[in-house]
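Read the structure below first, then the notes.
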Amino acid sequence: MKLIVHGQQAFGKAVLESLLERGEDVCAVYCAPDKGRRIDPLKALAEEQGLPLFQPPSYKDAAVLEQMRSLNADLCVMAYVTLLVPEQVLNVPELGSIQYHPSLLPLHKGPSSINWPIIFGETKTGLSIFWPDEGLDTGPILLQKEVEIVPDDTLGSLYFNHLFPMGVAAMVEGVDLVRDGKAPRIEQDPSGGSYEGWCTADDVRIDWHQDVDRVYNMIRGANPQPGAWTTLAGKRVTLLDCSKSNDSDGAPGTVTAADASGI
396 MKLIVHGQQA FGKAVLESLL ERGEDVCAVY CAPDKGRRID PLKALAEEQG
446 LPLFQPPSYK DAAVLEQMRS LNADLCVMAY VTLLVPEQVL NVPELGSIQY
496 HPSLLPLHKG PSSINWPIIF GETKTGLSIF WPDEGLDTGP ILLQKEVEIV
546 PDDTLGSLYF NHLFPMGVAA MVEGVDLVRD GKAPRIEQDP SGGSYEGWCT
596 ADDVRIDWHQ DVDRVYNMIR GANPQPGAWT TLAGKRVTLL DCSKSNDSDG
646 APGTVTAADA SGI
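In this note's numbering, each residue carries its 1-based index in the sequence shown increased by 395.
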């Protein structure tokens with residue numbers, strides 16, 4: 396089965412590595428156009444392996460569509476794709492395209508789907524491999540994996556310890572299911588879904604009038620990006636970690652002590 400790998404960054408690289416280690420026939424790699432001086436890890440691996448590499452700025456160009464058709468691919472594996480791809484491009488491979496999303500769709504559609512469950516105080520999330528369409532994370536589900544959100548999880552720990560490695564394995568599992576003709580297409584229930592936009596700095600300014608759990612969850616869910624913040628003596632301070640305590644009699648947001656370990 397001839398595969399296209401479409402993605403970017405460390406996750407895209409890890410998926411490509413896993414597929415190549417299994418001896419899969421990867422006929423081309425698509426990744427985002429270059430930004431700045433640092434080369435995309437997926438691009439670097441594709442070049443190292445001598446794979447055909449394409450970085451179109453838009454997938455609405457007819458030339459991009461024709462070029463992809465010329466590959467005669469069976470399946471496109473979309474590993475961390477952050478832009479909308481036209482349905483006619485998604486359907487170019489004989490068996491279509493499958494995509495990774497780090498939430499239990501239809502919950503938490505959108506680009507910051509790891510941040511928001513933590514910020515909202517949820518205790519469970521997961522990942523989905525789905526068949527993308529022209530909507531935003533709206534295509535039928537192929538498979539899902541659940542992950543517990545423990546009380547001290549952060550965006551970073553949840554992603555790198557769970558959703559990243561599990562996602563790579565799930566993408567490979569999805570390829571196997573498609574190859575074997577056992578890949579389901581389970582329609583999402585739109586009535587039970589949710590969508591959130593990017594989690595930005597404006598969303599994670601700490602309101603010290605909120606209860607301690609909401610502040611605690613916001614700091615965890617924004618660590619390391621975009622970083623929950625407040626002001627101290629007129630200067631912006633980013634809070635990347637915290638713990639709850641019942642020992643202080645000070646007003647919320649008051650600095651009662653400071654040392655090398657924090658405030």
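Even for Gly, the Cβ is constructed at its ideal location relative to N, Cα and C.
Rounded to whole angstroms, what's the CA-CA distance from residue i to residue j? Just pull it up for me.
i, j, result
"Leu742", "Met561", "Since the first residue of the chain shown is 396 and the last is 658, residue 742 is not available in this structure."
"Cys426", "Ser640", "46 Å"
"Thr341", "Val599", "Nothing about residue 341 can be reported from this structure: the residues present for the chain run from 396 to 658 only."
"Glu541", "Lys408", "23 Å"
"Leu448", "Lys430", "16 Å"
"Pro512", "Ile544", "9 Å"
"Gly587", "Ser453", "32 Å"
"Pro621", "Leu635", "10 Å"
"Arg433", "Ile493", "28 Å"
"Leu437", "Leu411", "8 Å"
"Trp603", "Thr595", "18 Å"
Are residue i and residue j touching if we call contact CB-CB under 7 Å?
i, j, result
"Leu499", "Gly521", "yes"
"Ser589", "Leu502", "yes"
"Gln450", "Pro428", "yes"
"Pro497", "Ser508", "yes"
"Gly505", "Gly592", "yes"
"Gln403", "Asp435", "yes"
"Ala441", "Val424", "yes"
"Leu470", "Pro488", "yes"
Can you give me the Cβ contacts of residue i inside the same chain, cut-off strictly under 7 Å, excluding the 5 residues immediately before and after it?
i, result
"Asp608", "Gly516"
Let me check understanding here. Comparing Cα to Cα, which of the options lies closest to residue i?
i, options, result
"Leu490", "Ala653, Thr518, Pro535, Arg574", "Arg574"
"Ala564", "Gln583, Pro647, Val472, Thr518", "Val472"
"Ile536", "Leu446, Lys577, Cys422, Glu582", "Glu582"
"Leu572", "Asp584, Ile601, His557, Leu538", "Leu538"
"Leu558", "Arg580, Ile524, Asp584, Gly576", "Ile524"
Please return the same chain residues whose Cβ sits closer than 6 Å to the Cβ of residue i, not counting the five positions on each side in sequence.
i, result
"Cys422", "Lys397, Leu466, Ala468"
"Pro619", "Gly551"
"Thr518", "Ile544"
Measuring CB atoms only, is the stretch 615-630 touching the stretch 524-532, in the sense that at least three cross pairs come out at less than 8 Å?
Counting C-beta pairs closer than 8 Å gives fewer than three between the stretch 615-630 and the stretch 524-532, which falls short of the contact rule.
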